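Enquirer: Following this message is one structure expressed as structure tokens.
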Amino acid sequence: MLKPLQGKPVQHDKQSNGYLLISNATANNLKNVSVSIPQGVLTAITGVAGSGKSSLIFDCFLEQHPKAVVIDQSPIGAMNRGNPATYTGVFDRIRKLFAKETGKNIGYFSFNSKGACEKCKGLGFREIDMHFLSSVTLICSECEGKRYKKDVLTYLYKNKSISDVLEMTISEAIAFFNDSEIIRRLEILKSVGLDYLQLGQSLNTLSGGEAQRVKLASELHKKGNIYVLDEPTTGLHMADIEKLIIILRQLVDNGNTVIVIEHNLDVISQADWIIDLGPEGGRRGGDVVVQGTANEIINCKRSFTGQFLKKVINSSFWGAKRLQNQILDASR
Ligand SMILES: Nc1ncnc2c1ncn2[C@@H]1O[C@H](COP(=O)(O)OP(=O)(O)O)[C@@H](O)[C@H]1O
Ligand SMILES: [Mg+2]
Ligand SMILES: [Zn+2]
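Here's what the structure looks like:
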């Protein structure tokens with residue numbers, strides 16, 4: 002379930018927040034650009050393709066602010082052994098519960114250790130090298146993909162084997178376990194809309210958007226960080242974009258600075274501060290066309306982003322949301 006939008010657009014306030022500066026950026030097509038990015042809010046870097054957004058952030062900002070954390074849609078971890086249970090750390094706790102219940106050693110319930118199926122070494126499948134063709138993956142005939150020795154699966158906790166548990170979805174696991182720490186950690190994944198993932202699903206099978214949300218979820222308990230996302234809505238459905246916006250606002254509410262390079266107008270409409278590059282791509286771009294709040298951008302006739310944003314702010318769900326928050330703010 003999605004939580005209601007908690008973040009609210011704030012009026013950019015020059016006094017109250019510090020800035021992250023980018024000075025004299027000249028990478029690629031940038032025309033000696035200096036901008037200040039307000040801390041503790043959501044900033045959108047906008048502009049047509051080729052206007053210099055990625056150059057400004059990746060070649061210049063990250064160079065000058067190396068502590069910033071980039072969150073992208075690339076797969077999590079190169080190994081195929083990670084899954085939501087191991088990634089969130091709940092698997093250690095689950096194995097402890099099994100060990101306590103059955104009197105067996107905790108390593109016995111690990112598919113990376115003593116409990117592993119000997120044929121596939123706990124992978125659940127075998128990769129067959131086909132020489133000149135791409136290799137073929139076959140479910141392991143010994144454990145039938147369950148990754149464990151047969152004997153391990155006879156030891157049960159609340160009537161379930163460790164392999165049954167890994168087949169549970171995150172929401173099923175939240176209902177099944179009583180351990181508050183296990184529930185707390187899984188609830189974070191649920192809050193970003195990933196309650197349907199299975200505990201044992203390999204992280205390298207996640208879609209780009211899912212991987213991005215898992216990464217964002219693992220940042221949700223932190224504060225004081227700087228996050229950078231380059232076109233995070235790429236490949237996302239409208240419903241996913243809604244989830245993404247809520248997570249980005251949540252990060253800001255938790256006291257982080259979020260910088261998002263974005264062309265999606267719903268996301269842009271939720272930013273507290275917008276830096277619009279352009280006016281066009283390549284050599285005709287590389288300048289700051291306008292910077293300010295959404296209301297300031299839509300009044301800039303020279304800004305393509307402003308003209309499109311105007312339509313969205315006046316007609317979309319997110320535009321209405323923004324207006325509603327502003328009225329609430331004004332009435333406080
Ligand atoms: N490594 C590079 N070498 C030369 N030109 C580049 C390089 N990277 C980007 N550019 C050019 O710089 C301009 C800005 O690119 P980029 O910052 O990627 O734009 P945006 O992210 O806004 O789409 C474009 O015209 C692009 O072709
Ligand atoms: Mg780019
Ligand atoms: Zn096996």
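This note's numbering puts the first residue of the sequence shown at 2, with every later residue one more than the last. Note that the Cβ used here is the ideal one computed from N, Cα and C, for glycine as well. Predicted model, so just to flag it, every value in this text is computed and none were measured.
Compute the Euclidean distance between the alpha carbons of Val166 and Pro85, then round it to the nearest angstrom.
Expert: 12 Å
Enquirer: With distance defined between alpha-carbon atoms, name the residue in Asn226, Thr258, Leu266 nearest to Glu243.
Expert: Leu266
Enquirer: Can the beta-carbon of Glu168 be found less than 8 Å from the beta-carbon of Gly201?
Expert: yes
Enquirer: Measuring only from the beta carbon, is Ile260 closer than 7 Å to any heavy atom that is part of ligand 5?
Expert: The ligand content of the structure shown is limited to ligand 1, ligand 2 and ligand 3, which means ligand 5 is not among them.
Enquirer: I'd like the list of long-range same chain contacts for Gly236, defined as Cβ closer than 8 Å, with 5 residues on each side in sequence excluded.
Expert: Gln74, Ser208, Gly209, Gly210
Enquirer: Where does Pro280 fall in DSSP's three states?
Expert: coil
Enquirer: DSSP three-state label for Val259, please.
Expert: strand
Enquirer: Can you tell me whether DSSP reads Val1 as helix, strand or coil?
Expert: The first residue shown for the chain is 2 and the last is 333, placing residue 1 beyond what the model contains.
Enquirer: Rounded to the nearest angstrom, what separates Gln7 and Val261 at their Cα positions?
Expert: Because Gln7 carries a pLDDT of 40, less than 50, the predicted location of this residue cannot be relied on, and the following value inherits that uncertainty. Roughly 18 Å separates the two Cα atoms.
Enquirer: Going by the C-beta, is Lys1 closer than 7 Å to any heavy atom of ligand 3?
Expert: In the structure as shown, the chain starts at 2 and stops at 333, and residue 1 therefore has no counterpart that could be examined.
Enquirer: Output the distance between the C-alpha atoms of Lys105 and Tyr149, rounded to the nearest integer angstrom.
Expert: One C-alpha to the other measures close to 15 Å.
Enquirer: In chain order, which beta strand (DSSP E) runs of at least 3 residues are fully inside the region 90-139?
Expert: 126-129
Enquirer: Distance, Cα to Cα, Leu21 vs Gln40?
Expert: In this structure, the straight-line span from the alpha carbon of Leu21 to that of Gln40 is close to 7 Å.
Enquirer: Mind pulling the beta strand (DSSP E) runs of 3 or more residues that sit fully within the region 172-241?
Expert: Secondary structure remark: continuous beta strand (DSSP E) runs of at least 3 residues inside the region 172-241, in chain order: 227-231.
Enquirer: With respect to 7 Å, is the separation between the Cβ of Ser55 and the closest non-hydrogen atom of ligand 2 below this value?
Expert: yes
Enquirer: Quick check: the Cα distance between Ser270 and Thr44, rounded to an integer number of angstroms?
Expert: The straight-line gap from Cα to Cα measures roughly 10 Å.
Enquirer: Report all residues from its chain with a CB closer than 6 Å to the CB of Val91; omit the five preceding and five following residues, and keep chain order.
Expert: Excluding sequence neighbours, Val91 sits near Ile183, Arg186.
Enquirer: Leaving out five residues before and five after Asn113 in sequence, what residues of the same chain have Cβ atoms less than 7 Å from its Cβ?
Expert: Annotation for Asn113: Arg82, Gly123 place their beta carbon closer than 7 Å to its own, counting only its chain and skipping 5 residues before and after.
Enquirer: Applying the criterion that 16 or more other CB atoms from any shown protein chain within 10 Å of the CB defines a buried residue, is Ser111 buried or exposed?
Expert: Answer is buried; the Cβ neighbour count reaches 16.
Enquirer: Where does Gly293 fall in DSSP's three states?
Expert: Note: Gly293 maps to strand in three-state DSSP.
Enquirer: Enumerate in chain order the residues of its own chain whose CB-to-CB distance from Ile23 is below 8 Å, with the five nearest sequence positions on each side excluded.
Expert: If we look at Ile23 and ignore the five residues flanking it on each side, its Cβ neighbours are Val34, Ser35, Val36, Ser37, Ile38, Leu57, Cys61, Phe62, Gln65.
Enquirer: Take Gln292 as the anchor and find which of Cys301, Lys191, Leu157, Gly286 has the nearest alpha-carbon.
Expert: Cys301
Enquirer: Ignore the nearest five residues each way along the sequence and tell me which others in Glu102's own chain have a CB closer than 6 Å to its CB.
Expert: Tyr158
Enquirer: Count the other C-beta atoms from every protein chain shown that fall within 10 angstroms of the C-beta of Val259, then say buried if there are 16 or more, exposed otherwise.
Expert: buried
Enquirer: Relative to the C-alpha of Ile77, which residue among Leu310, Asn205, Cys118, Met239 is closest?
Expert: If we check each option's Cα against that of Ile77, Asn205 comes out closest.
Enquirer: Who are the near neighbours of Asn255 in its chain, counting only those whose CB is closer than 6 Å to its CB and skipping five residues on each side?
Expert: Lys224
Enquirer: Quick check: the Cα distance between Asn296 and Leu190, rounded to an integer number of angstroms?
Expert: Here the alpha carbon of Asn296 sits roughly 34 Å from the alpha carbon of Leu190.
Enquirer: Would you list, in sequence order, the uninterrupted beta strand (DSSP E) runs of no fewer than 3 residues that lie entirely inside the region 28-78?
Expert: 34-39, 43-47
Enquirer: Using CA coordinates, which residue listed in Phe133, Glu143, Ile175, Val70 is at the minimum distance from Arg127?
Expert: Glu143
Enquirer: Select from His264, Leu217, Arg250, Asn326 the residue whose C-alpha is nearest the C-alpha of Val70.
Expert: Residue nearest to Val70 within the set His264, Leu217, Arg250, Asn326 is Leu217 (criterion: CA-CA distance).
Enquirer: Is Asp231 near ligand 2 - that is, is its Cβ less than 7 Å away from at least one heavy atom of it?
Expert: For ligand 2, at least one heavy atom lies less than 7 Å from the Cβ of Asp231.
Enquirer: Under 8 Å by Cβ, that's how I've got Lys147 and Ser164 pegged, so tell me the actual separation to the nearest angstrom.
Expert: Right, their Cβ atoms sit about 4 Å apart.
Enquirer: From Gln213 to Ser55, what distance separates their C-alpha atoms?
Expert: 18 Å
Enquirer: Going by the C-beta, is Ser304 closer than 7 Å to any heavy atom of ligand 1?
Expert: no
Enquirer: Identify, in the order they occur along the chain, each residue of the same chain with its Cβ nearer than 7 Å to the Cβ of Gln16, setting aside the five sequence neighbours on each side.
Expert: Caution is warranted here: a pLDDT of 37 is assigned to Gln16, below 50, making its placement in the model unreliable, and the coordinate value is therefore given only provisionally. Nothing listed; no residue qualifies.
Enquirer: According to DSSP, what are the bridge partners of Trp274?
Expert: Thr44
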